[in-house]
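Everything on this sheet refers to the single structure shown next.
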Amino acid sequence: MFTANDILEFAVTLERNGERFYRLAQERVDDDEVKRLFRRLAADEVVHERTFAKLLGSMEPFDPGDEGAEEYFAYLRAYVDQVVFSDAMLDEAIDQVKDALGAVRFAKQREQDAILFYTEMRNLVPEADRAPIDDLIAEERRHFTILAEQEARLKSQP
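Start counting the sequence shown at 33; every next residue gets the next number (the working numbering).
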């Protein structure tokens, strides 16, 4: 079992990995618009990482306190194991990126994973600490929308 603080540490790692993915992927794609987008998204991920690190540093240990907490933490742990990449897993994912469309599709999936994780995670922090998480969820949704638009643009090209 782990704590809400542990979940925030996973969030920091998730954002750090997102930033690394965007920086590595921008080097692999040849579409200038996608390169610019990935540079911007990488910078956003750095800001997100700092937000979670700040929240982690200021938050008191939190115990959700109900009997279902252990099962809920087990669910989140299983989910985290799927979305928080190790360096080796991230390198493997980058190796699979063959073109801009593949990179955008992968990034879109990662943003969707982050939205789900942060939506679940917000239930584990005190209500007073939820506003920054809500802001990050909204930003991840914007990222997803932008990536979906890029995917449509790339798919429409001959």
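C-beta: ideal position from N, C-alpha, C; glycine also. Computed from a prediction, not measured in an experiment: that's the story for all the values here.
In this structure, L168 is the residue among D62, L179 and L168 with its C-alpha nearest to the C-alpha of A43. In the DSSP assignment, D62 falls outside any alpha helix (DSSP H) and carries neither an H nor an E.
By the C-beta density criterion, N155 is exposed, having fewer than 16 other C-beta atoms within 10 angstroms. Around E77, the same chain offers E47, R48, G50, E51 and Y54 as residues with beta carbons nearer than 8 Å, after the five sequence neighbours per side are excluded. Residue state for P158 is assigned as coil, using DSSP reduced to three classes. If you look at D123, you'll find it in the alpha helix (DSSP H) that goes D119 to Q128.
Approximately 6 Å separates the beta-carbon atoms of E183 and K140; this is inside 8 Å, confirming the contact.
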